[in-house]
Amino acid sequence: MTAAPVPAGADAVVPVEHTDAGTTRVAIHAVPRPGHHIRLRGEDLRAGDRVLTAGMELGARRRATPWSSPAA
0 MTAAPVPAGA
10 DAVVPVEHTD
20 AGTTRVAIHA
30 VPRPGHHIRL
40 RGEDLRAGDR
50 VLTAGMELGA
60 RRRATPWSSP
70 AA
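Under numbering that gives the first Met the number 0, the first residue of the sequence shown carries the number 0, and numbering increases by one thereafter.
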């Protein structure tokens, strides 16, 4: 699931597209690599980056921006 929390100790995410989509048991069709499909909070921002400006329309993605920053 996109943007879902990663469980403690997990070092990779397997997209559902790489599984048989099972619910009780899941077969994984591709070997995950450490760090694969994991993005760290705020890794796309640097200190001082402007992420919102006055008058900007706030859709769902922009409303989440403050909570995705490293300072959140």
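Built from N, CA and C at the ideal position, the CB exists for glycine as well.
Report yes if the C-beta distance between residue i and residue j is below 8 Å; otherwise report no.
| i | j | result |
| --- | --- | --- |
| Gly34 | Ala11 | yes |
| His36 | Ile27 | no |
| Val25 | Asp19 | yes |
Roughly how many whole angstroms lie between the Cα atoms of residue i and residue j?
| i | j | result |
| --- | --- | --- |
| Gly58 | Val30 | 36 Å |
| Glu56 | Val50 | 12 Å |
| Ala2 | Asp43 | 14 Å |
| Val5 | Ala53 | 33 Å |
| Arg38 | Arg45 | 15 Å |
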